[in-house]
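Student: One structure coming up, written as structure tokens, with questions to follow.
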Amino acid sequence: MERFAFLRRFTRNRGALIGALLILLVTVTALAAPLLFPTDPLRMVGPPELWPGEDPAFPLGTDSLGRDMLAMLVHGARATLLIGLFASAMATLIGVSVGAIAGYFGGWIDEAAMRAVELFQTIPNLIFVLTIVVILGSTLHNIVIAIGIVSWTPIARMTRAEFLALRDREFVQACRSMGMHAPGIIVREILPNALPPVIVLSSLVVASAILFESAVSFLGLGDPNVASWGRLVGDGRQLIRSSWYICAIPGIAIMVTVLCLNLIGDGLNDALNPKLRDR
Amino acid sequence: MSALLVLDDVHVRFNTAAGQVQAVNGVSLDLAVGETLGLVGESGCGKSTLGKAILRLVPTSAGEIRIDGADIAPLDGAALTELRRKVQMIFQDPYGSLNPRSTVGRSVAQPLVLAGWKRDAIAERVDMLLSWVGLPPEARQRYPHEFSGGQRQRIGIARALALNPKLIICDEPVSALDVSVRAQVINLLEDLKAKVGMSYLFISHDLSVVEHIADRVAVMYLGTIVEIGSRDRIWREPQHPYTRALLAAAPIANPKLARARRRTILQGELPSPLDPPTGCPFHSRCPMAQARCKVEPPSLRAIGVGTQAACHFI
Chain A
1 MERFAFLRRF TRNRGALIGA LLILLVTVTA LAAPLLFPTD PLRMVGPPEL
51 WPGEDPAFPL GTDSLGRDML AMLVHGARAT LLIGLFASAM ATLIGVSVGA
101 IAGYFGGWID EAAMRAVELF QTIPNLIFVL TIVVILGSTL HNIVIAIGIV
151 SWTPIARMTR AEFLALRDRE FVQACRSMGM HAPGIIVREI LPNALPPVIV
201 LSSLVVASAI LFESAVSFLG LGDPNVASWG RLVGDGRQLI RSSWYICAIP
251 GIAIMVTVLC LNLIGDGLND ALNPKLRDR
Chain B
1 MSALLVLDDV HVRFNTAAGQ VQAVNGVSLD LAVGETLGLV GESGCGKSTL
51 GKAILRLVPT SAGEIRIDGA DIAPLDGAAL TELRRKVQMI FQDPYGSLNP
101 RSTVGRSVAQ PLVLAGWKRD AIAERVDMLL SWVGLPPEAR QRYPHEFSGG
151 QRQRIGIARA LALNPKLIIC DEPVSALDVS VRAQVINLLE DLKAKVGMSY
201 LFISHDLSVV EHIADRVAVM YLGTIVEIGS RDRIWREPQH PYTRALLAAA
251 PIANPKLARA RRRTILQGEL PSPLDPPTGC PFHSRCPMAQ ARCKVEPPSL
301 RAIGVGTQAA CHFI
């Protein structure tokens, strides 16, 4: 019942529905990549700089080394989506933990946590990501960690605000008066009520994580073994005046995906926000 | 009668940005086993804070709260759990006192789970508790938003009863309910008391409700008790000017009686507990106030059998 009502509210937002369907398409394509293009996408398969439509064997053309753009795009979707999801998951984990503890306990714990959040927020995000990647090394894991480390602060603030609003509600006092301990109250009582806006934010962090990864790869600091979309854009940048499609195709893919994720975020916000319910 | 709950000169202070608030200022009272004590007073007089202090939801800054003879302030660990089992609370807002994302069954079972009961025993007990408060066993799987205010309050009562507490603190349990539902809940509380035999500390600003349910009544003003005594005595011959004004403000059903009575109408607002008046806390609004009241705080004195009032002129 509850679940269907949620779906109905979500699909009422036309943009969110289109976004969700497109993301589903991208995800399915990414999962099916080894079936669609069983060979290594980074292998040279044709003449270089073949424009899209020039040769039916390469619908999106080839890059400067004669690699199939479509194959790289489909395989790149895997890397890009995985990085987005894991980085967002990591940011959410850190952000929710810090925010929940700060909001629930308050006092000096809250002060310390919020000063730490501010410290992280004063460092420009992209420069921070690049610094961490340079220090740790350019592997997929490290890029995910770096993006997670810079993206958790808004989630922590949001979680803290929700906890501040919920911690003195009567049902929480009732739990306290029954002798429930703080971890139980935080995880089982308050968190389920605090999560909806956090989920919205997390979906937006997926989008920003994809953009961060693209920027890192564009600057040549990406994982050399992974053909993410950002790296495809970066690889094509020397030829941007002659064969601009090499940059443009993965660029459009990034743009559409990020747009869809933002639409989904908006849809989730409408669907999860009790004040907008059943309007 | 043995005293279940004894408060001895209890103080509760809060530090706020605007300064120190004296929410409860030297309250002493006792509550016998099986007794219902009504605690009445205006909003903001500290009655809810006092209830929460007894549950250790807010810390006391001075004085002693004893339950079954044991001071509750130093308790921790297993002893504190034992206390939680003896004292439970029914909250004012039936919309806020149940976790909106927990099923009713889970909410009612919570004290049992925390007390380490087995699954089967919990299921059985929850069904029994729900039937006590007049809800069908199917209610277990439903969520709070599917119930009306009165039903939710009954769910809260079932939860409070789960571990057979000796004392239930009812914090304005009916003031958020429709008038038509109030009587139902009040009657339920009385029936349950007859069945289980616990005591109630019944906090309310609604005198008609207190008159119905309480054996004894304590009247609170600005963090202190100004009068305490049996319900009949207080209703028949209120001593303290504040009690008189409170009773005079309560509506009377019979219009002839209502016209005939002399009304003392309270002037002004409750003074801020941030900056309480010196001397008698009530002197700023008291029709009988004299110079002495501004200087010397009156103490609670016995007036007749079982009645005490804090006023220089009684």
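Those sequence lines, one after another, are chains A and B. Note that full-length UniProt numbering has the first sequence beginning at 1, numbered continuously upward. Note that full-length UniProt numbering has the second sequence beginning at 1, numbered continuously upward. Glycine included, C-beta positions come from ideal geometry on N, C-alpha and C.
Confirm the yes/no value for this check: CB of L65 (chain A), any heavy atom of the ligand ATP, distance under 8 Å.
Tutor: The ligand ATP is not among the ligands present in this structure, which contains no ligands whatsoever.
Student: Given that a residue counts as buried once 16 or more other Cβ atoms are within 10 Å of its Cβ, and exposed if not, what is E189 (chain A)?
Tutor: Looking at its Cβ environment, which holds 16 or more other Cβ atoms inside 10 Å, E189 (chain A) is buried.
Student: Which residues mark the beginning and the end of the alpha helix (DSSP H) in which E162 (chain A) is found?
Tutor: Per DSSP, E162 (chain A) belongs to the alpha helix (DSSP H) from 140-166.
Student: What is the DSSP secondary structure of I199 (chain A), reduced to helix, strand or coil?
Tutor: It is helical.
Student: Please tell me whether I28 (chain A) and F86 (chain A) are closer than 9 Å, where the distance is taken between their beta carbons.
Tutor: According to the sequence shown, residue 28 (chain A) is Val rather than Ile. No.
Student: Could you spell out where the alpha helix (DSSP H) holding D266 (chain A) opens and where it closes?
Tutor: Its alpha helix (DSSP H) spans residues 245-272.
Student: Going residue by residue through the region 161-197 of chain B, where are the continuous beta strand (DSSP E) segments of at least 3 residues, counting only ones entirely within it?
Tutor: The qualifying runs are 167-171.
Student: Can you find at least 3 beta carbon pairs, one from the region 63-74 of chain B and one from the region 5-18 of chain B, that sit closer than 8 Å?
Tutor: Flag = yes, the region 63-74 of chain B and the region 5-18 of chain B touch.
Student: Looking only at C-alpha atoms, which of B:A115, B:I225, B:P136 sits nearest to L50 (chain B)?
Tutor: L50 (chain B) has its Cα closest to that of B:I225, out of B:A115, B:I225, B:P136.
Student: Note down, in chain order, each residue of its chain lying with its Cβ closer than 7 Å to the Cβ of L55 (chain B), except the 5 sequence neighbours on either side.
Tutor: If we look at L55 (chain B) and ignore the five residues flanking it on each side, its Cβ neighbours are V87, M89, I169.
Student: May I ask you to list, following chain order, the residues of the region 95-118 of chain B that have a beta carbon less than 7 Å from some beta carbon of chain A?
Tutor: Per Cβ criterion, the list reads G96, S97, L98, N99, P100, R101, Q110, P111, L114.
Student: So, does the CB of M178 (chain A) fall closer than 9 Å to a CB anywhere in chain B?
Tutor: Yes, its Cβ sits closer than 9 Å to a Cβ of chain B.
Student: When the Cβ atoms of the region 214-222 of chain B are set against those of the region 28-47 of chain B, are three or more pairs found closer than 8 Å?
Tutor: The region 214-222 of chain B vs the region 28-47 of chain B: in contact.
Student: Can you tell me which of B:G46, B:L274, B:L31, B:E172 puts its alpha carbon nearest to the alpha carbon of A18 (chain B)?
Tutor: With distances taken between Cα atoms, A18 (chain B) lies closest to B:L274.
Student: Can you tell me whether DSSP reads G19 (chain A) as helix, strand or coil?
Tutor: Note: G19 (chain A) maps to helix in three-state DSSP.
Student: So is K52 (chain B) in contact with chain E if we call contact Cβ pairs under 9 Å?
Tutor: Although the question refers to chain E, the structure presented lacks it and instead comprises the protein chains A and B.
Student: Establish whether the CB of F202 (chain B) and some CB of chain A are separated by less than 9 Å.
Tutor: Judged by the 9 Å Cβ criterion, F202 (chain B) is not in contact with chain A.
Student: Reducing DSSP to helix, strand and coil, say where D278 (chain A) ends up.
Tutor: Residue confidence is low: D278 (chain A) scores 47 on pLDDT, short of 50, so the model does not pin down where it sits. Its coordinate-derived value is still stated next. Three-state result, D278 (chain A): coil.
Student: Contact between the region 227-237 of chain A and the region 69-84 of chain A: three or more CB pairs below 8 Å?
Tutor: With the cut-off at 8 Å, the region 227-237 of chain A and the region 69-84 of chain A touch.
Student: Name, please, each residue of chain B whose Cβ falls closer than 7 Å to the Cβ of F171 (chain A).
Tutor: Within 7 Å Cβ-Cβ: G96, S97, L98, N99.
Student: Name the residues in the region 183-212 of chain A whose C-beta lies less than 7 Å from a C-beta of chain B; which are they?
Tutor: Cβ contacts with chain B: E189, P192, N193.
Student: Measure the alpha-carbon distance for E269 (chain B) versus H212 (chain B) and round it to whole angstroms.
Tutor: Their Cα atoms are separated by approximately 27 Å.
Student: Using a Cβ-Cβ distance under 9 Å, would T60 (chain B) count as near chain A?
Tutor: No, no contact with chain A.
Student: With 9 Å set as the bound, which would you pick, yes or no: does the beta-carbon of Q88 (chain B) sit closer than that to a beta-carbon of chain A?
Tutor: Chain A contact via Cβ: present.
Student: For V133 (chain A), which residues in the same chain have their Cβ closer than 8 Å to its Cβ, ignoring the five residues on either side in sequence?
Tutor: So the list reads N142, I143, A146, V216, L221, once near-sequence residues are dropped.
Student: Nearest chain B C-beta to A100 (chain A) closer than 9 Å, yes or no?
Tutor: Not one chain B Cβ lies under 9 Å of A100 (chain A).
Student: Tell me which residue opens and which closes the alpha helix (DSSP H) that Q88 (chain B) is part of.
Tutor: Taken as a continuous stretch (DSSP letters only), Q88 (chain B) belongs to no alpha helix (DSSP H), being part of the beta strand (DSSP E) at 87-90.
Student: Tell me which residues share the same chain as A250 (chain B) and place their Cβ nearer than 7 Å to its Cβ, disregarding the 5 neighbours each side in the sequence.
Tutor: Closer than 7 Å at the Cβ level, and outside the excluded window around A250 (chain B), lie L207, S208.
Student: Would you say D68 (chain B) faces chain A, with C-beta separation under 9 Å as the test?
Tutor: Cβ-Cβ to chain A under 9 Å: no for D68 (chain B).
Student: Let me know the secondary structure DSSP gives H11 (chain B) once reduced to three states.
Tutor: The answer is strand: DSSP assigns H11 (chain B) an E or B state.
Student: Starting from the beta carbon of C175 (chain A), find every residue of chain B whose beta carbon is closer than 9 Å, and list them in chain order.
Tutor: Residues of chain B passing the Cβ test: N99, Q110, L114.
Student: Does chain B have any CB closer than 9 Å to the CB of R279 (chain A)?
Tutor: Any answer about R279 (chain A) is weak, because its pLDDT of 41 lies below 50 and its placement is not dependable; what the coordinates show is given next. By this cut-off, R279 (chain A) is not an interface position.
Student: Our contact map puts Y95 (chain B) next to R152 (chain B) with C-beta atoms below 8 Å; I'd like the distance itself, whole angstroms only.
Tutor: Contact holds; Cβ gap of about 7 Å.
Student: Here's a check: name, in chain order, each residue in its chain whose Cβ is nearer than 7 Å to the Cβ of C247 (chain A), leaving out the five neighbours to either side.
Tutor: Excluding sequence neighbours, C247 (chain A) sits near V233, G236, R237, I240.
Student: Can you check the region 200-281 of chain B for any alpha helix (DSSP H) of at least 4 residues that lies completely inside it and give the ranges in chain order?
Tutor: Entirely contained in the region 200-281 of chain B, the alpha helix (DSSP H) runs reaching 4 residues are, in chain order, 207-213, 231-236, 241-249, 255-260.
Student: Do A23 (chain B) and G46 (chain B) have their C-beta atoms within less than 9 Å of each other?
Tutor: In this structure, G46 (chain B) lies closer than 9 Å to A23 (chain B) by Cβ.
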